[in-house]
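Right, one structure below, let's go through it.
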Amino acid sequence: MGALWIRELRSYWQSRFEALQCLAVFSVVLLLFPLGVDPEPELLRLMAPAVIWGSALLACVFGLETLFRQDLREGWLEQAQTSIWPLPLLLALRMVAHWMFTGVPVVLAGVLGAAALGMSEPGIRAVGWSLLLGTPSLVALGSVAAALTANLTGGAMLSALLVLPLYVPVLIFGASAIALAEAGQGTDASLYLMGCSLLLSILLAPLASAAALKVVAE
Amino acid sequence: MGALWIRELRSYWQSRFEALQCLAVFSVVLLLFPLGVDPEPELLRLMAPAVIWGSALLACVFGLETLFRQDLREGWLEQAQTSIWPLPLLLALRMVAHWMFTGVPVVLAGVLGAAALGMSEPGIRAVGWSLLLGTPSLVALGSVAAALTANLTGGAMLSALLVLPLYVPVLIFGASAIALAEAGQGTDASLYLMGCSLLLSILLAPLASAAALKVVAE
Amino acid sequence: MTPLLSVRQLHHERGDRELFGGLDVDIHGGEILQVVGPNGHGKSTLLRILAGLIRPDVGTLAWRGRAFTSWEDEPVAPLMWLGERPGWAAAHSVEHNWRYLRSLRGLTPDREACWIDPAWWPRRFGDLSTGQRKRASLAFIEISGAAVWFLDEPLSGLDVAMSAQWQSRMQQAASRGTAIVLVSHDALTFSPDRVLTWTGEY
Amino acid sequence: MTPLLSVRQLHHERGDRELFGGLDVDIHGGEILQVVGPNGHGKSTLLRILAGLIRPDVGTLAWRGRAFTSWEDEPVAPLMWLGERPGWAAAHSVEHNWRYLRSLRGLTPDREACWIDPAWWPRRFGDLSTGQRKRASLAFIEISGAAVWFLDEPLSGLDVAMSAQWQSRMQQAASRGTAIVLVSHDALTFSPDRVLTWTGEY
Amino acid sequence: MNRFWTTFHQWGSPPTFYRFARALQPWLLVPAVLLIVHGMYAGLVLAPADYQQGDGFRIIYVHVPAAWLSLFVYTSMVVAGAVALIWRMKIAEVYVVDAAYAGAGFTAVALLTGMLWGKPMWGAWWVWDARLTSELILLFLYLGVIALNRALPDRRSAARACAILAIVGVINVPIVHYSVEWWNTLHQGASITRFEKPAMPMSMLWPLLELSLGSMLFYFWSVLLRMRGSLLERERRQAWARAVAADAQPS
Ligand code: HEM
Ligand SMILES: Nc1ncnc2c1ncn2[C@@H]1O[C@H](COP(=O)(O)OP(=O)(O)OP(=O)(O)O)[C@@H](O)[C@H]1O
Ligand SMILES: Nc1ncnc2c1ncn2[C@@H]1O[C@H](COP(=O)(O)OP(=O)(O)OP(=O)(O)O)[C@@H](O)[C@H]1O
Ligand SMILES: [Mg+2]
Ligand SMILES: [Mg+2]
Chain R
1 MGALWIRELR
11 SYWQSRFEAL
21 QCLAVFSVVL
31 LLFPLGVDPE
41 PELLRLMAPA
51 VIWGSALLAC
61 VFGLETLFRQ
71 DLREGWLEQA
81 QTSIWPLPLL
91 LALRMVAHWM
101 FTGVPVVLAG
111 VLGAAALGMS
121 EPGIRAVGWS
131 LLLGTPSLVA
141 LGSVAAALTA
151 NLTGGAMLSA
161 LLVLPLYVPV
171 LIFGASAIAL
181 AEAGQGTDAS
191 LYLMGCSLLL
201 SILLAPLASA
211 AALKVVAE
Chain Y
1 MGALWIRELR
11 SYWQSRFEAL
21 QCLAVFSVVL
31 LLFPLGVDPE
41 PELLRLMAPA
51 VIWGSALLAC
61 VFGLETLFRQ
71 DLREGWLEQA
81 QTSIWPLPLL
91 LALRMVAHWM
101 FTGVPVVLAG
111 VLGAAALGMS
121 EPGIRAVGWS
131 LLLGTPSLVA
141 LGSVAAALTA
151 NLTGGAMLSA
161 LLVLPLYVPV
171 LIFGASAIAL
181 AEAGQGTDAS
191 LYLMGCSLLL
201 SILLAPLASA
211 AALKVVAE
Chain E
1 MTPLLSVRQL
11 HHERGDRELF
21 GGLDVDIHGG
31 EILQVVGPNG
41 HGKSTLLRIL
51 AGLIRPDVGT
61 LAWRGRAFTS
71 WEDEPVAPLM
81 WLGERPGWAA
91 AHSVEHNWRY
101 LRSLRGLTPD
111 REACWIDPAW
121 WPRRFGDLST
131 GQRKRASLAF
141 IEISGAAVWF
151 LDEPLSGLDV
161 AMSAQWQSRM
171 QQAASRGTAI
181 VLVSHDALTF
191 SPDRVLTWTG
201 EY
Chain G
1 MTPLLSVRQL
11 HHERGDRELF
21 GGLDVDIHGG
31 EILQVVGPNG
41 HGKSTLLRIL
51 AGLIRPDVGT
61 LAWRGRAFTS
71 WEDEPVAPLM
81 WLGERPGWAA
91 AHSVEHNWRY
101 LRSLRGLTPD
111 REACWIDPAW
121 WPRRFGDLST
131 GQRKRASLAF
141 IEISGAAVWF
151 LDEPLSGLDV
161 AMSAQWQSRM
171 QQAASRGTAI
181 VLVSHDALTF
191 SPDRVLTWTG
201 EY
Chain X
1 MNRFWTTFHQ
11 WGSPPTFYRF
21 ARALQPWLLV
31 PAVLLIVHGM
41 YAGLVLAPAD
51 YQQGDGFRII
61 YVHVPAAWLS
71 LFVYTSMVVA
81 GAVALIWRMK
91 IAEVYVVDAA
101 YAGAGFTAVA
111 LLTGMLWGKP
121 MWGAWWVWDA
131 RLTSELILLF
141 LYLGVIALNR
151 ALPDRRSAAR
161 ACAILAIVGV
171 INVPIVHYSV
181 EWWNTLHQGA
191 SITRFEKPAM
201 PMSMLWPLLE
211 LSLGSMLFYF
221 WSVLLRMRGS
231 LLERERRQAW
241 ARAVAADAQP
251 S
């Protein structure tokens, strides 16, 4: 297992530039929105929660392609199914590695972005925490959608369509935590909810994705 | 040529549900942003231009996968190169068909979305015009990026990264047209600029994409 | 002797057409079974069913005499699969693919004395030629220590010399007790222990 | 007689290795040229160069005696290409693919009397078996009226009967004046007009 | 227990279910029509106009049943999906897919009537309130199930994939339901609350209950109709399906 985990990490390390593109997409989307409006500081601050979380979400959706769609196209599933590891375990390892290479940079960039959008100290802290708790859920939920559309041509768009509604609760809690912090109120309730949904999705997503892959591949 | 064009349209018609997913992605992204903020009508109205254009842009980026990445993976390029049509022409046909099935629905949905975000009559009209002039440019510019990343694994994300900066001018003009209209001012200048960039990108994009494809395929 | 793998009363449909209507197959250790038959009559599908990749509509699969559930219980993967798609990542180096696939099966990354040309290790798998890719996949299968190999058209793409080499390597593996099920349209240089000519109910 | 297609003084590298160092090839109408050689010595690359898909590092290509630029000037596509990837869309029906590919070449969508099993027309190309997909691609090439065919391993995947059929179909086409360049590791049932054994500078 | 499983499997076998559904349908349709007709009459004619909203409130008789059903149908899909995945029961597979169409319809009706109602009440067709938005997300979930079902080529695996998607999306159902409360805990003073728990006179409430029950029966009738069609299509090569088809052919 250790060897497998190291290999998984090295896969991402070998294609680290690809993985960092997730960060780049996040930054570009984050930049696009202020460009589209009159850049008044007040408006920017109000928009900030939605913009940051929206960008994180979309970066994550773009990242799904590298999560395992590409591998599936190359016949990875057969190798995984005939391996000695349970498929959910393999998927879980992959998700963790994926998050480390795509989620973590987004969290860091989100904090920077929040500062750039002129948010307050507690607001920036809320951005950091909510992204830290939220992005793993995004990866986990995304993996289910990616698995469901695994052997479709043009499945990228369908998986985006399937996954975005699932992301909504995460978005709502995440953005509201930021907005509350900005308004000087406590964020514990929102973050607590995000933590719960994180636990739930981490536990269930590998199982659901594995089931989906098997169903779809038959 | 007529036969080819009809075939091109039928390709999209056969997979029309896939093409409509572009519309669905647009709508979902459009939804996400109001969810992230305090839904005060005033704030929503101010955010509207950025939100509508941002969603259009992202829907377009997701659509690139079906534009021709999938086909390339299946060996379409060799067939196109050995056909009797110049590659730029084939790409141009493809882009037009793609726009008809993905861009047009987005324009219509954008108008509806503008109404839902509580925009004024001239604002809604500006949304319609700017999207109508802007979405073809988005497709055209996107095709260049898709071509450049044609034979990369996980190229979806890289092409998103390449294309988003190219989209910025379109976004700025489009959003400013809407914002101007909302503020009760004339939008002709912005729309005129968008028309020019449309012409330019329609003329150049097929040539640039064809050149990129040939370079990348060698 | 109980067979390594056996399937009984196999029925399976694909898109309205019944491919198998009550097929029985036994696979014994040390035996090479060649499946031949016309295009589209279900050879590849049969192989996938035997390897446990798809569940048959009707029929039971037994592994070493016990009903098959999944391959996950064994310490070392008991079977190897070569399908149309190799399962190697085109964008990664041959070496990385090798180590990854070995670790998937709980094996150490040994790479001495295998059938891969040492010059290939640092190259991207996707940059190899058709036959080189095939050979790399086969080399991996060869030193896996698995009890059964399922090979769908292993010889296609290999040049004449390589094809002959692989065939003698298969024979050696069989003599060490490996069971091999291969689908191939080509005539083999040796005569396999058993030939299943599947013309089917198609 | 001027050859249909000729290449002179071909040099080409792939990843630091010189595959060809000054190769000359002529292709005449009505001739079947088989390219054989070990895996990875550049047969597929040679075919791509001849078909004008990649430009050689050094060397000139001439089509009917004139320097080659592109295939776009002719009313009907003069060449057919079968590579590793078929160029048919897996998600679309065989019929749709057929019509699309015909229109790419300026041909009417005729589909009578071709080598495709009529039951396949409505099916998704991706649902066909390996051999069926190969056969569909070959059927398309056969009735295209092109002057040259470039076929990279056309026989792999076909069953014995189909392989024999295709070989006789190639002979018929050659007798009608088509030039055929094929890469194949398999021994053919007939003896081709010319064999280029490419062991290369590899 | 054993008895239970045998019955369960028998009921789950397509021919048995087909016959059962055919027999049951009239018993659903007749009361459904009666309830709906009477409920409409009572609601639109007999019930007094609201002292605040006038006749506009009568939209409630379409809105609320549709909204309730939109949630109910999704929940039932999730249950059926679990059954389909665990016991590989064909009926449940068919139900997941076929219910999605009706569910999407109810959701759309709830949204549209809500918008129609919202215009006079809030002065806008649409506000970005959590209830409304989450209901819209529910519509997208339904559409996602439909799209996934259409996209996957194989019927059986498509249905099972849809079941997984439905189960993963179930989190949205409590969000729709409790959105009113949660939104209030997060943001105070949304103007909707006033309407959520109206103290209704019985003469207004009765027709609502009648209509809700009636539309639920009607829903069951229609989903059974769809399921029968799907089952016949799926099992078209089985003897029982051929027999049914032969019976239906006027010879
Ligand atoms: C597009 C706009 C609207 C949508 C999407 C919508 C959605 C819903 C949903 C999903 C429910 C069921 C909630 C549940 O069972 O938990 C519901 C119930 C209800 N809605 Fe709406 N609604 C909308 C507009 C309105 C308006 C404008 C009014 C009245 C002013 C209204 C009045 C009600 C009432 C009275 C109920 C029943 C409440 C209860 O269950 O106790 N709705 N609506
Ligand atoms: N998803 C599907 N829908 C409908 N038919 C299918 C599907 N998948 C496979 N088939 C059909 O099932 C049959 C069996 O395919 P299979 O790949 O097992 O054949 P095969 O014997 O391996 O053929 P080949 O020699 O060409 O490799 C073929 O006729 C194929 O067209
Ligand atoms: N992008 C690349 N980078 C480095 N080397 C490459 C690249 N593409 C191909 N090669 C090498 O070029 C050589 C020629 O490949 P080619 O596919 O032409 O061989 P081939 O003769 O067709 O072999 P086969 O019989 O296996 O099909 C191979 O050794 C291959 O490894
Ligand atoms: Mg096969
Ligand atoms: Mg080759």
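Protein chains in written order, with my numbering: chain R, 1 to 218; chain Y, 1 to 218; chain E, 1 to 202; chain G, 1 to 202; chain X, 1 to 251.
Quick reminder that beta carbons are idealized off the backbone N, C-alpha and C, glycines included.
Sorting Y:ASP71, Y:VAL144, Y:GLY113 by C-alpha distance to the C-alpha of Y:PRO88 places Y:VAL144 at the top. Identification of chain E residues near R:GLY75 by a Cβ-Cβ cut-off of 7 angstroms yields GLY83, ARG85, PRO86, GLY87, ordered along the chain.
Contacts between X:LEU143 and chain Y, judged by CB atoms closer than 9 angstroms, involve ALA24 in chain order.
The three-state secondary structure of G:LEU155, taken from DSSP, is coil. In its chain, beyond the 5 residues on either side, ALA140 have a beta carbon closer than 6 angstroms to the beta carbon of R:ILE202.
Taking a C-beta distance under 7 angstroms as the contact criterion, X:PRO207 and X:GLY43 qualify as a contact pair. Taking 4 residues as the minimum length, the alpha helix (DSSP H) runs contained wholly in the stretch 151-197 of chain G are 160-175, in order along the chain. Apart from sequence neighbours up to five positions away, the residues of its chain that approach G:ASP57 with a beta-carbon distance below 8 angstroms are HIS11, HIS12, GLU13, ordered along the chain. Secondary structure of Y:GLU40 (DSSP, three-state): coil. The beta carbon of Y:ARG16 sits closer than 8 angstroms to those of PHE101, all from its chain and outside the five residues before and after it, given in chain order. By the criterion of at least three beta-carbon pairs nearer than 8 angstroms, the stretch 119-137 of chain Y is in contact with the stretch 181-190 of chain Y. E:PRO192 places its beta carbon 7 angstroms or farther from that of E:GLN9.
Against G:ARG105, the close residues of chain Y are SER83, ILE84, in the order they occur along the chain (beta-carbon pairs closer than 7 angstroms). Annotation for X:GLU233: no beta strand (DSSP E) segment contains it, though the alpha helix (DSSP H) segment containing it runs 202-234. Under DSSP, G:LEU10 takes part in a beta bridge, and its partners are G:LEU23. For the stretch 31-62 of chain E, the beta-carbon criterion of a distance under 9 angstroms to any beta-carbon of chain R is satisfied by ARG48, ALA51, GLY52, LEU53, ILE54, ARG55. The beta carbon of R:GLY110 sits no closer than 7 angstroms to any beta carbon of chain Y. The continuous stretches of beta strand (DSSP E) do not include X:VAL127, and DSSP gives it neither H nor E.
A Cβ-Cβ contact shorter than 7 angstroms links Y:GLU65 with R:ALA156. The distance from the Cβ of X:MET89 to that of X:GLY12 is about 4 angstroms, consistent with a contact at the 8 angstroms cut-off. Per DSSP, R:LEU67 is not a residue of any alpha helix (DSSP H), being assigned neither H nor E. For X:THR113, the enclosing alpha helix (DSSP H) has its first and last residue at 90-122.
C-alpha of X:SER70 to C-alpha of E:ASP16: approximately 35 angstroms in a straight line. Comparing alpha carbon positions, the residue from R:THR187, R:SER130, R:ALA80 closest to R:VAL104 is R:SER130. Around the beta carbon of X:PHE106, a 10 Å sphere encloses 16 or more other beta carbons of the protein chains shown; the residue is thus reported as buried. Counting C-beta atoms within 10 angstroms of its own C-beta, Y:TRP13 has fewer than 16 neighbours from the protein chains shown and is therefore classed as exposed.
Between the stretch 155-168 of chain X and the stretch 94-104 of chain X, the count of Cβ pairs shorter than 8 angstroms is three or higher; the stretches touch.
For G:GLU31, no pairing in a beta bridge is given by DSSP. Rounded to whole angstroms, R:LEU161 and E:GLU31 show a C-alpha spacing of 49 angstroms. Looking from the CA of E:LEU50, the closest CA among E:PHE190, E:ASP24, E:ASP186 belongs to E:ASP24. Taking non-hydrogen atoms of ligand 3 into account, the C-beta of X:ASP98 is found less than 6 angstroms away from none of them. Take E:ILE143, set aside five residues on each side of it, and the residues of its chain with a beta-carbon closer than 6 angstroms to its own are CYS114, in chain order.
Listed in chain order, the non-local C-beta contacts of G:TRP120 below 6 angstroms within the same chain comprise VAL94, local neighbours out to five positions each way being set aside. Annotation for R:THR149 indicates a beta carbon at 6 angstroms or more from all heavy atoms of ligand 4. Boundaries of the beta strand (DSSP E) around G:VAL58: 58-63. Secondary structure note for E:TRP81: its beta strand (DSSP E) is the uninterrupted segment 79-82.
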